[in-house]
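Report on the structure given below.
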Amino acid sequence: MEVTAVATQGGYGSSNWVTSYLLMFSDGRRNWKQYRREESIWGFPGNTNADSVVHYKLQPPFEARFLRFLPLTWNPKGRIGMRIEVYGCAYRSEMVHFDGKSSLLYTFNQKSMNPTKEVISLKFKTRENNGILLHREGPNGKHITLELVKGKLILFLNSGDANLPSPDALMLGSLLDDQHWHSVLIELLDTDVNFTVDTHTHHFRAKGESSYVDLDYKISFGGIPRHRKSVAFPHKNFHGCFENLCYNGVDIIDLSKKHKPQVLIMGNVSFSCSHPQTVPMTFLSSRSYLALPGTSGEDRVSAIFQFRTWNRAGLLLTSQFQHRSGAFILVLNDGKLKLSLSQPGHPVRDVTAGCPDNSSDPGCASPLNGFQGCLRLISIGDKAVDPISIQQGALGSYRDLQIDTCGLTDRCLPSYCEHGGECSQSWDTFSCNCAHTGYTGATCHSSVYEQSCEAHRHRGNSSGLYYIDSDGSGPLGPSLVYCNMTDTAWTSVQHNGSHLVSVKSSNGESPQPVFFKYTASMDQLQAIIDYVDHCQQKLTFHCKKSRLSTPHDGTPVSWWVGRTNETHTYWGGSLPDAQKCTCGLEGNCIDSQYYCNCDADRNEWTSNTVVLSHKKHLPVTQVVMRDTGRPHSEVAYTLGPLLCSGDNSFWNSASFNTETSYLHFPTFRGELSADVSFFFKTTAFTGVFVENLGITDFIRLELRAPAEVTFSFDVGNGPCEVTVQSPTPFNDNRWHHVRAERNVKEASLQVDQLPRETQTAPADGHARLQLNSQLFVGGTASRQRGFLGCIRSLRLNGLALDLEERATMTPGVEPGCPGHCSSYGHLCRNGGRCREKRRGIECDCTFSAYDGPFCESEISAYFGAGSSVIYDFQHINDTFSKNSSSFVALFHEDLTLTGEMTTLSFRTTGMPSLLLYVSSFYEEYLSVILAPNGSLQIRYKLNRHREPDVFNFDFKNLADGQLHQVKINREAAVVFVEVNQNARRQVILSSGTEFNAVKSLTLGTILGPPGADRDTQRAGALGFTGCLSAVRFGPAAPLKAALRPGGPARVTVRGHVAAASRCAEGAGPGAPAPEATRPLSGRSGSTDEGTPLVNANRSDSAVIGGVIAVVIFILLCITAIAVRIYQQRWLSEKNESNIPKTGDNAETALKSELNMQSTVSESQKEYFF
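In this text, residue positions in the sequence shown follow the numbering used here: the first is 87, and each later residue adds one.
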């Protein structure tokens, strides 16, 4: 019968009832199988009293002839007592038995076939682990084959396409050779295949375009007929039973029993399942054993058995010879069988599987644990062992042994390893290998990559190639992008067509469009675009006698295709429904009659640069230019990468102002895997971040105490909690990151960089989290223990929730949350100051010697012989007084310092050299020089009536062409000096404590500084040749003022001073790399006198400058005339030539032509911003 439900009740009028039990079923009483609820192998909860009825509906139902109820626990004040009722319905069964050499060949009526769909259903049971269940062929090697391979079903699909390397293979099921009935359903819909084994289904779309219903009108069951085995299937036929075999609703077994001509019976086929059932045994633990009597009086031993296990090690068999003179041991070691013998030839006393307590067998002293798994078909000598006799106590002895069932469970079916992780298992657990998947965790659920370039930026990462995972733990994998870290983070996704594409018709045929393939899939691109604020893509195209639309009716003849395969005819930033270019909207096209420059149809190259910025249409996947069939018509274009900026989920936040306020969202669906991540900041002591309830299940994240975050949940096994405790409180009004994950293996919680806390889930417990209420954020359904503070970037299973949108319509909650510098201000380095933005921060590098988004970009310059940079303090003292606490006096233009921080890095081989010189109106100074022996000398003179304080650092020759860093910090008379971040020294000044009337700072050459000592004057005369970087004196950054114009400082540059990328990357000691340097303001050279100008400038003589300007102008005029003459001659020769150019030569010629046509006015070029 088909069993659909069971009900239990305690003993009538007694204290006897069962509180939990197992349900087992069988069709022959010798091989039982346990019914499992959900993915659990736990038993059924029973009764709590003698009278109430506990009813369970079985999903799915099962077919059986015998049921067994095994009480596990019962009322401790009574005994076992059960009243049982079974619900079900009649079950019709048609069976056929194959002996491994037989088969059925069914030929069906062509007219009765459904040409678009085929359905095959059957049940089977066997104890053989290999065999073909069905096979159907077609032309050109096309075939469908269902085969049992090592206890698993594989559906082979061969489309007959010679271009495909191998047939498709779908694998389902495990341990299917257990002599229990298993159901199979195959649905073929053209190229779509649904393959179901028991309760597991695989949906698949086959390779190629050929239909799998287009096959021969014959199908064989139980094997392949001999005359058809040339299909390269030399495998053996099926040995076992089929039940209710149907093909498109036709009962094949019924036709066979009636000997209908449609079915050809080959071999010995019987219509009953009468083969004997084996009785398996389960060794439940490492302490399980079975001891059997051996064959006495013989000098040999023979043991035969079949075993099955997931463990890679265990003791299988041991036997001791008579008089304990030796033994043999059979063990499973690292998945391989190993037999050890000692003193062979002695009679065997007994044979043992497993190890009993206090055994004297040498094998039982092995460090290997006992065997865990199943055994069947045991024979000792020539005599088969009857497990039922063992169960009844008539034979041998045993412990922790379950007879007449194999309790082995495949914990990798279905596999809970996500994102391609490999599942492996042992007797009681499974594990996932997440190597090379990009994911981590017990089930490979959590991505190891950041969700966006914005997230990388706020980890302090610089520009470069990064993997990002936009949907986190979602189904999409990580994608490789380039993150350009500027004031915002730009995400760049490249494609395969970044070169110049030339479009030209040949033989009157329209050119083939170019398809652009990106480094990320379309689904990944959509996820990236959905989570950013802005996207754009630059398209530069050049047209010559090629139009975008026809002149008479405006029909588009050129267009581009977006992400969703929709055709778009707008260009630039115009509206999607307007067939206009940007110049048409702005009214500045080269011909006012047209809305695009190319539509002017001129016989010369016109360049257009447009920026497409409608997110929902990007990226561009195809560009089509059709108007290239006329003489001399030609188009060329280049498509830039997809560029996106911002992250609308990373900064998406809400502020909760009252304990009773909350946001609600739809129910969280995370049955088997659930992860929650977010940022929070608060000053409150407690509060619930997230809560979602079910009937009994729930999930909750909360601030349990100021220094304690707790993740609690219940999936039916009782409440479970994971807690992270911090040595410092979390309610410090700074952002803290929380990530909680729960899966079938474990629950974990991590806050910031604190150690990750985990708790293992029960191996055989309930696995599904079943929720049904709304998701509450910032509060609970009871409106108690609400959260006060901010929550940001909330993601559930990789899906970002829009907190700001929901907050705009919720009282007590405000969108956004200010105050990011307290958490991210440390990213602003080298004296940079954090500035608040609505979403995130920016670093103000005005008073830093560095530049870049985080003030980390080194500002370096190469100084040639005799060159210098002079920084004037007198015109910026107002700015200094507002931004520095080091100044204690400011009278008129006198700047007095009680302390300052000085830093610089240098690279040179010249000695002596002047690195830095700071002068005052009172002949006080600071000089940093390299002595003739290359040692570092620092000289302070803070009183012109005293000699300077001189400090020598002669531990090393620093003029060695390597990069060195110097840091000097003065506080009154105490000076701290650090060289190369390790050599530190503290000195005391005797000349004074204040630096009075600071006048200027000089880098490089200085002639005759007043009041300076001889060594400083000598070094100043020679100046500095090499590379200087990161120069700072207090808030003053002289190199930055010279190389980054726009500040209030006045800087004078003399001689050759060129910007360098980094001093550490110089081409050689003291010399700049040519490609890494550029002269200031485009000029170079040295002069004797310098006139101070605002920002970086040159002090060239007006006469010399005028002469140079006239010479340059004359040369430019001559060059322009020559280029124009050559251009006209080149165009004339090209028009007269009929020789086509292809390949690289054509592209080179096109680029040359585009470059030569440089005389087109700017009005003919189109730009969109």
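Glycine residues also receive a C-beta, built at the ideal position from the N, C-alpha and C atoms.
_C-alpha gap between valine 1143 and aspartate 1040, whole angstroms_ = In the sequence shown, the residue the question calls residue 1143 occupies position 1057. In the sequence shown, the residue the question calls residue 1040 occupies position 954. Whole-angstrom Cα-Cα distance: 29 Å.
*Starting from the C-beta of leucine 461, find all residues in its chain whose C-beta is less than 6 Å away, skip the five residues before and the five after it, and write them out in chain order.*
In the sequence shown, residue 461 corresponds to position 375, counting from 1. Same-chain partners within the cutoff: Met367, Phe391, Phe393.
*asked:* For tyrosine 773, report the span of its beta strand (DSSP E) as first-last.
replied: On the sequence shown, residue 773 is found 687 positions in, with the first residue counted as 1. What sits at residue 773 in the sequence shown is glycine, not tyrosine. Glycine 773 -> beta strand (DSSP E) spans 773 to 779.
*Between the stretch 1016 to 1032 and the stretch 988 to 997, do at least 3 Cβ pairs fall closer than 8 Å?*
yes
_Straight-line gap, phenylalanine 775 to threonine 287 (C-alpha atoms, nearest Å)_ = Here the question's residue 775 lines up with position 689 in the sequence shown. Here the question's residue 287 lines up with position 201 in the sequence shown. So the alpha carbons of these two residues sit roughly 38 Å apart.
*What first and last residue would you give for the alpha helix (DSSP H) that runs through threonine 636?*
For the purposes of this step, residue 636 is identified with residue 550 of the sequence shown, where counting begins at 1. Membership of threonine 636 in any alpha helix (DSSP H) is not indicated, and neither H nor E is assigned to it by DSSP.
*Determine the DSSP secondary structure at phenylalanine 766, reduced to helix, strand or coil.*
Stepping through the sequence shown from its first residue, residue 766 is reached at position 680. It is a strand residue.
*asked:* Bridge partners for tryptophan 737 per DSSP, in chain order?
replied: Looking up residue 737 in the sequence shown gives position 651. Beta-bridge pairing links tryptophan 737 to no other residue.
*Unbroken alpha helix (DSSP H) run spanning glycine 1106, endpoints*: In the sequence shown, the residue the question calls residue 1106 occupies position 1020. Element bounds for glycine 1106: 1100 to 1108.
_For leucine 425 and alanine 413, I'd like the C-alpha separation in whole angstroms._
The residue given as residue 425 occupies position 339 in the sequence shown. The residue given as residue 413 occupies position 327 in the sequence shown. A straight line joining the alpha-carbon of leucine 425 with that of alanine 413 spans about 11 Å.
*With histidine 542 as the anchor, note down where its alpha helix (DSSP H) starts and where it stops.*
Taking the first residue of the sequence shown as 1, we reach residue 542 at position 456. Unbroken alpha helix (DSSP H) run through histidine 542: 539 to 543.
*Could you work out which residue in Gly756, Lys831, Asp838, Asn803 is closest to valine 795 when comparing CA atoms only?*
To locate residue 795, count along the sequence shown from 1; it is residue 709. Residue Asp838 is the option with its Cα nearest to valine 795.
*Is the Cβ-Cβ distance between glutamate 88 and glutamate 149 less than 7 Å?*
Residue numbering aside, residue 88 sits at position 2 when the sequence shown is read from its first letter. Residue numbering aside, residue 149 sits at position 63 when the sequence shown is read from its first letter. A contact, by the Cβ cut-off of 7 Å.
*For the putative contact between phenylalanine 761 and histidine 531, defined by C-beta atoms under 8 Å, what is the C-beta separation to the nearest angstrom?*
For this step, residue 761 is matched to residue 675 along the sequence shown. For this step, residue 531 is matched to residue 445 along the sequence shown. Reading off the sequence, residue 761 comes out as aspartate, not phenylalanine. Between histidine 531 and aspartate 761 the Cβ distance is about 6 Å, and since that is below 8 Å, they are a contact.
*Is the stretch 779 to 799 touching the stretch 824 to 838, taking contact as three or more C-beta pairs under 8 Å?*
yes
*Tell whether a beta-carbon distance below 7 Å holds between tryptophan 821 and phenylalanine 765.*
Here the question's residue 821 lines up with position 735 in the sequence shown. Here the question's residue 765 lines up with position 679 in the sequence shown. Yes, the pair counts as a contact, with Cβ atoms nearer than the cut-off.
*How should threonine 285 be labelled, buried or exposed, when 16 other C-beta atoms within 10 angstroms of its C-beta is the threshold for buried?*
Reading the sequence shown from its first residue, position 199 is the one you call residue 285. Exposed.
*Assuming serine 812 contacts leucine 840 (C-beta within less than 8 Å), just tell me the rounded distance between them.*
To locate residue 812, count along the sequence shown from 1; it is residue 726. To locate residue 840, count along the sequence shown from 1; it is residue 754. Yes, they are in contact, since the Cβ atoms of serine 812 and leucine 840 sit about 6 Å apart, within 8 Å.
*Buried or exposed (CB count within 10 angstroms, at least 16 for buried), valine 1060*: As a working note, residue 1060 is residue 974 in the sequence shown. So valine 1060 counts as exposed.
*How many angstroms separate the CA atom of proline 1124 from the CA atom of arginine 1118?*
Along the sequence shown, read from residue 1 onward, the residue named residue 1124 stands at position 1038. Along the sequence shown, read from residue 1 onward, the residue named residue 1118 stands at position 1032. C-alpha separation (whole angstroms): 7 Å.
*Is it the case that the Cβ atoms of aspartate 937 and serine 943 are separated by a distance below 7 Å?*
Translated into positions along the sequence shown, residue 937 becomes position 851. Translated into positions along the sequence shown, residue 943 becomes position 857. Closer than 7 Å, so yes.
*What number of angstroms, rounded off, separates the C-alpha of arginine 151 from the C-alpha of aspartate 113?*
Taking the sequence shown and counting its residues from 1, one reaches residue 151 at position 65. Taking the sequence shown and counting its residues from 1, one reaches residue 113 at position 27. Those two C-alpha atoms are separated by around 5 Å.
*Going by beta carbon distance, what residues of the same chain come within less than 8 Å of alanine 770, once the five residues before and after it are set aside?*
Along the sequence shown, one-based indexing puts residue 770 at 684. The residues are Leu789, Asn817, Phe873, Leu874, Gly875.
*asked:* Under 8 Å: do the stretch 1108 to 1117 and the stretch 1061 to 1075 share three or more Cβ pairs, one atom per stretch?
replied: no
*DSSP-derived helix/strand/coil call for serine 342*: Locating residue 342 in the sequence shown gives position 256, counting from the first residue. The answer is helix: DSSP assigns serine 342 an H, G or I state.
*C-alpha distance - threonine 193 paired with leucine 258, whole-angstrom precision*: Residue numbering aside, residue 193 sits at position 107 when the sequence shown is read from its first letter. Residue numbering aside, residue 258 sits at position 172 when the sequence shown is read from its first letter. The alpha-carbon atoms of threonine 193 and leucine 258 are separated by roughly 28 Å.
*Which of helix, strand or coil does DSSP assign to threonine 193?*
What you label residue 193 is simply residue 107 of the sequence shown in a count that begins at 1. It is a strand residue.
*Would you call the stretch 696 to 704 and the stretch 616 to 630 touching, i.e. three or more CB-CB distances under 8 Å?*
By the Cβ test, the stretch 696 to 704 is in contact with the stretch 616 to 630, since at least three Cβ pairs between them sit closer than 8 Å.
*Starting from glycine 506, follow the alpha helix (DSSP H) in both directions and report where the run begins and ends.*
Here residue 506 refers to the residue found at position 420 of the sequence shown. Per DSSP, glycine 506 belongs to no alpha helix (DSSP H) and is neither H nor E.
*Do you know offhand how far arginine 116's Cα is from threonine 809's?*
Residue 116 sits at position 30 when you count from the first residue of the sequence shown. Residue 809 sits at position 723 when you count from the first residue of the sequence shown. If I take the Cα positions, the gap works out to 49 Å.
*Could you name the residues of the same chain whose beta carbon sits closer than 6 Å to that of leucine 1012, not counting the 5 residues immediately before and after it, in chain order?*
Sequence index remark: in the sequence shown, residue 1012 carries index 926 (1-based). Answer for leucine 1012: Val1004, Tyr1026, listed in chain order.
*CA-CA distance, glutamate 928 and glutamate 922?*
Stepping through the sequence shown from its first residue, residue 928 is reached at position 842. Stepping through the sequence shown from its first residue, residue 922 is reached at position 836. If you take the alpha carbons of glutamate 928 and glutamate 922, they lie about 7 Å apart.
*Which of the three DSSP states, helix, strand or coil, is assigned to proline 146?*
Residue mapping note: residue 146 aligns to position 60 of the sequence shown, counting from 1. Shown here, proline 146 sits in a strand according to DSSP, grouped into three states.
*Please check the pair leucine 153 and leucine 109, which I expect to be a contact at CB under 8 Å, by giving their CB distance rounded to whole angstroms.*
The sequence position of residue 153 within the sequence shown is 67, counting from 1. The sequence position of residue 109 within the sequence shown is 23, counting from 1. Confirmed, Cβ separation roughly 7 Å.
*Mind checking whether asparagine 883 and glycine 985 have CB atoms under 7 Å apart?*
Indexing the sequence shown from 1 puts residue 883 at position 797. Indexing the sequence shown from 1 puts residue 985 at position 899. No, Cβ-Cβ distance for asparagine 883 and glycine 985 is not below 7 Å.
_isoleucine 351 (DSSP reduced to helix, strand or coil)_ = Indexing the sequence shown from 1 puts residue 351 at position 265. In this structure, isoleucine 351 counts as strand in the three-state DSSP scheme.
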